[in-house]
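These notes are about the structure you will find just below.
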Amino acid sequence: MKVSIIREMAKERGIKAGRLSKAELIHSIQHAEGNQSCFGTGSSAVCGQIDCLWREDCQLYSGESFGKAT
296 MKVSIIREMA
306 KERGIKAGRL
316 SKAELIHSIQ
326 HAEGNQSCFG
336 TGSSAVCGQI
346 DCLWREDCQL
356 YSGESFGKAT
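Everything in the sequence shown is counted per the working numbering, starting at 296 for the first residue and increasing by one.
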């Protein structure tokens, strides 16, 4: 997902994006939504959140392969 879209999502949730990185923005959104701030931690292959909005980017960001358990 493009950072510009993530920044807009953050803005809609009252998060000041400023100079936050993509991962920091997503963590802030996850936290604001009451979810665990787990993006890019390397646990997406085992997290069980198949429908997570961030799953594909998370796997790419953390260097995981789809379907590969870590």
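We put the beta carbon where it would ideally sit given N, CA and C, even for glycine.
- In the three-state DSSP reduction, residue 324 falls in the helix class (H, G or I).
- Taking every protein chain shown into account, the CB of residue 320 has 16 or more other CB atoms within 10 angstroms, so this residue is buried.
- The shortest CA-to-CA distance from residue 323 to any of 336, 308, 345 is the one to 308.
- Non-local beta-carbon contacts of residue 350 in its own chain, meaning distances under 7 Å to residues more than five positions away in sequence, involve 339, 344 in chain order.
- Under the three-state reduction of DSSP output, residue 353 falls in the helix class.
- A distance below 6 Å between beta-carbons, with the five flanking residues on each side excluded, links residue 332 to the following residues of its chain, in chain order: 322, 325, 326.
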